[in-house]
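Just below is one structure, and these are the notes that go with it.
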Amino acid sequence: MPGAELFVFSAPSPAALAAALDESRRQLGAAPARPLRAWAAEYATRPRSATRLAMVADDVDALVTSLDRARAALRDAAAPKERIAPSVFYADGPAPGKTVLLFPGIGSAYDGMMDGLAQAFPGVAQWFHDMDALLAVMEPHAVASADEPNLLPQNGLPNFIGTMAMFGLMERARVHYDALAGHSNGENAALVASGKMAFRSRDDLMLILSDVLHASVQNHAGEYVAGVTLAVSGVPVDRLEALCAQSGGKMVVAMVNCPTQVVMFVTDGYAAQARALVTGAGGLHVQLPLQEPLHTPFFRPAMPRLSQIYDAIRFEPGVHPVYSCNTAQLFPAEPAAIRSLALSQWINQVRFQAMLEQLYADDFRTFVEVGPGSVLTGFVTDTLRGRGDFRALATDNPRRPGLRHFLETLGRLFVHGQDLDLANLYSDPAEHAPATVTGRDDVPAPPPAIPLPSEPVPPRDRLRESAAPPAVNGHVAVPAAVSAPVAAPSVAVGLDPRAQQSLLESHFALMQEFLGSQERTLTALRHALTTPAPTHIDHVPARPHAEQIALPLLGATPATDGLSTTLDVTVDVARHLMLLDHALANQNEQTPPGMSPLPLVPFAVSMEYMAEVAATLRPGWFVRRLEKLRSYRWLALDAGTLPLRLRAQCTAQTSAGATIAVQVFTLAGDEPVLAVEGIVQMEATPPGHTPHPQVHVDGRAPVLPFAEFYARYLFHGPRFRAIRAAHVVADDGIEVVMAIDPQQRYQADAALPAYLLPLVFLDCLGQSTAYILYERAHKHFALFPFQIESFEQFSPQLARAQQIRARSHAELKEAIVTTTLEFLDDQGHVLGRVTNFRQRYFDDPQVAQFIAPQTPELFHSAELDAGAPAVTACITTGFSSELFTTSDGIWLRALAGQVLAPAEFATWHALPTRGPRRMHWLLGRVAAKDAVRRWAQATHGLALMPWDIAITNAASGRPAIVCPALAQLGPLPDLAISHSHDRAVAAVCPAPGRVGIDLEFAPGRDEAVLASILSDDERALLQQAGGVTLTGLLYCWCAKEAGAKASGHAKGVVPYAWQIVAFTPPSEAAPRGHATVAHDGARFAVTLWCEGDAQLALCHLPEFDPGAPDGHLAQPAASSAPPAR
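All residue numbers for the sequence shown refer to the working numbering, where the first residue is 2 and numbers rise by one.
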């Protein structure tokens, strides 16, 4: 498993466990080079006892830190809590009660779900590979429409597949459970896992379950009653049932999930009255995107189809009990009764709350959600709130790294007495996953009934979020889809404000996650199940006689059969030189050789690739139109190259034209990932006429010359700076002149190849739109392109043009900019038209910095008042882990291209791409370089760029500055760096001084752990200063860290070796506090203060004597008596 590892420890008593941790700590120190995996595997096989500890760590340093925290907690007189530190769990004896596994239903899947687990465990990846391969055999892929992207592979299986893959991991770890249950159609997964639903093979399973989904979601011939689904909070169920009874059957309770969430179906004509009734009863309501009346009598029209499907399933008694979410009781043992109850669930109410209460009454105390997401865990917590002897665990959390969260859940199960077979997680079986899915290991699986392709079909994303990953072109990235916001719930009048606030909080705590996943899944599922199959091809042209076709981007390409082709290509800046001018952190005249900008493949280049791969099926034909173009993710060349897979399939053909569906996949990861898709219309001959113009611009002369606009605001280099001038600009439109620079070379093998599309001019779409917004006083914004309804070419002259006019109209509405543009020749003929080019608008100055050209005046951090005139300090602001982890981490990578020196990129590329280490490392260098730059400007009048400075480590481990330009002017300053959460701080001081700085945040810190590493004397100091508070504890820790760094102890603090001997915390009256830290006979003065919610400590030693103890000038010695523990 890459990345995180799970470590388990046990002993007969807390004292014995502490001794075992001491021994483990000693062993780690004795063998620092031993792989982390080897330690985890060794601990997993040791004998088990009652007192247990589990921790998850990404590297040896993190493991050592967790061991130290655990040892400190065990030394405390008070019994440790279950979670004694981040990712560290403890229990002294097994937990009471039984364990149930809960399986989520439709709506649980999300973009990127289980990616980390798929990389770590081949069995998980195999489930998704098998699904994709099977779907490819069942029916060809249908290209999405522009309005509803085909986000779900054909039959909507990812929810079920994710659940079964996770269940396979639980089985592999030998997690003990006493029963299973499911929510809504998650009950199917529970029945499969229990062995009550039996199948010959995994293929049979997926085929039949996809039929179930198809029959249940697709509204055949409009046979379902039209209506809306409302999620209601704040009204007791019996009151809602009474309102339903009064409605004459027009309002039905479909799901009772927990005390604060009930789901209702309301017929169309009664919806307004139903909302008013809920509001009048003091409740809140939100409309769900579910149109089908699932779990209500209105769903009866689907039952004949579902009954036929269920007749094909073999039902058996199974090997594990399953609770029904309809009856809230155990499923019966007889196969016929199991089938009847499983089928009836579709038209009966989901009573999930009642089932949870029955499980609790039956002595179940551990509830484990198995599958993507954590919605059910919220239902459990809400239902059993106030009963403190239960545990609600989720194997997945969309907001956390999947592998780490899964391992933490296993760790919590372990400490509460589960005898897991963790060693099995570290094995590497030849078989990725069991072939049988009956829930029994002793049943041999026959050969699959359906032949699979010999080569796995590259899977597309399981599902995309409503705001999907950004596009591949333009100024900045954008989510690929924009979902309508969920309407704010109606709030009842007359409620006590505190009751109303409590109701709102409980409502949204559950609704936001539930609604988000439901909207993503159901919209995509409905589209996937209703997308028509490709049109019949009446005529297929004869295969071209030429063995190869020459195309500008693809080069020499093998001829095809005219029906379909798959090509693997490599985008390479060494050949595709134009990409050097379409790069974040772009090079300019100030950029030194060896810098590493982040080239991005423009949307226009992706369109050219699509046109060229389509042309391999119809060589010599005219590319008439590209339509329904959707871009899902960045195509970035971090290392200068990017492998792609291009697929084209002819879906319709006449003698004059052909419709070709095209997809572009990235191959940079472990598996192909869909990046761009659309349809290319080819014609045997170009059209003989051009249409009349439809776009007209009446406005004023522009304020800012376009050349200056490029220089100030856009990252494009000379090859893509094609807009020569803006003639007219209006609030909603612009007319520009574009021209290609004949001095530029676009590819290594041709100065300006004969592209099939006007590639350079198409890239100007986003540029001209940005200029319109600028003229409307929008200054610091970002545009995220994601969709083009159509691009039409009316003449071959357009792709060959060196100069052209363009008029465009742009509308900004609800954070979406929609642009239509026409290309015109000198006589005013329309040579081409782009219709509805959509970009997401973000008013975000922080992101705008990643686009703007770099200057010596641009800093990514704020200067701090360090309280010491000789010290210059900077702290990063505005960045967040959310910003840096979304959009494939593009903004973190862009920031690296802006600030790192050439010598630092090897280290950067070697850092793990998952987890926070990469972000912390980079933000530390951002703050450090800004501090050095500010110090150099103030001290020597020297203006430096970030890449002029490299931060490395000295032999002692302390950070060191490498800057030849600054070194010529005198000794380099001393440097200290600290980071916490999403922030970093750095300080520099002139030589021969030394500086130490530390940064901490209170949220997420464990007060008990911090208090446990203080001596009695230190606790007394804190009491005198106002009490032992979390804030005071953090200031003490910061002071010790700052003193240690200033004295040269780069590896940090050994808590009891560094003692606080004087402490005055900051206050409103005195914003600067002070502490004195004693170590090894010397004392260090530390300044304490806060910046917002950040707590900081600074230790400045103006003179430094490497020969003195700790490398500082001798100061009055501390008391020789050892501190009281």
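Glycine included, each C-beta is placed from N, C-alpha and C at the ideal position.
Restricting attention to R995, R1084, P965 and T617, the CA atom closest to the CA of A1047 is found in R995.
Y44 sits close to F8, with the two beta carbons spaced by under 8 Å.
Assignment of beta-bridge partners to K930 by DSSP yields no partner.
Cβ-Cβ distances below 6 Å link L581 to V574 in the same chain, with the five nearest sequence neighbours on each side left out; the list follows chain order. In this structure, W347 lies near A303, with their beta-carbon atoms less than 8 Å apart. Here F762 is not bridged, per DSSP, to any residue.
Nearest Cα to P105 within the set D397, L859, F707 and G942: D397.
Under the criterion of beta carbons closer than 8 Å, D826 and G403 do not qualify as touching, at roughly 54 Å.
Nearest in C-alpha terms to F906, of all of G916, L753 and R926, is R926. Membership of K1041 in the alpha helix (DSSP H) is indicated by the continuous run L1031 to S1048. In this structure, DSSP gives E370 an extended state, which the three-state scheme calls strand. Short of 6 Å from the beta carbon of R646, and not among the five residues preceding or following it, lie these beta carbons of its own chain, in chain order: D569, F666, L668 and P673.
A712 and L394 have their C-alpha atoms some 53 Å from each other. In this structure the region 61-68 does not touch the region 410-425; the number of beta carbon pairs closer than 8 Å is below three. For a cut-off of 8 Å, the C-beta gap from F391 to F368 is around 7 Å, short enough to register as a contact. Here R625 is near M683, since their CB atoms are less than 8 Å apart. If only complete runs of 3 or more residues are kept, the region 722-776 shows the beta strand (DSSP E) at 724-731 and 734-740, in order along the chain.
If you compare the alpha carbons of A334, I773 and K99 with that of V698, the shortest gap goes to I773. Straight-line spacing of the CA atoms in N160 and V381 works out to 20 Å. The shortest C-alpha to C-alpha distance from T410 to any of L578, S88 and E815 is the one to S88. For D420, the secondary structure class from DSSP, reduced to helix, strand or coil, is coil. Rounded to the nearest whole angstrom, the C-alpha separation of A867 and T52 is 47 Å. Contact between the region 884-895 and the region 947-959 is absent: fewer than three C-beta pairs spanning the two stretches fall below 8 Å. In the three-state DSSP reduction, S796 falls in the coil class, being neither helix nor strand.
The continuous beta strand (DSSP E) containing A86 extends over residues R84 to A86.
Beta-bridge annotation (DSSP): Y91 is paired with L54. It is roughly 7 Å from the alpha-carbon of G418 to the alpha-carbon of G94.
By the C-beta density criterion, P373 is buried, having at least 16 other C-beta atoms within 10 angstroms. P105 is bridged by DSSP to nothing; it lacks a bridge partner. DSSP, read as helix, strand or coil, puts G270 in helix. If you draw a straight line from the Cα of T1077 to the Cα of I1061, it is about 6 Å long. Between the C-alpha atoms of H321 and V835 there is a straight-line separation of about 59 Å. Around the Cβ of V704, a 10 Å sphere holds fewer than 16 other Cβ atoms; the residue is exposed. In this structure, L585 and F851 form a Cβ contact; the two beta carbons are roughly 6 Å apart against a cut-off of 8 Å.
A contact between stretches requires three or more CB pairs, one per stretch, nearer than 8 Å, and the region 290-305 meets this requirement with the region 340-360. Burial is judged here by how many other beta carbons sit within 10 angstroms of a residue's own beta carbon; D1094 has fewer than 16 and is exposed.
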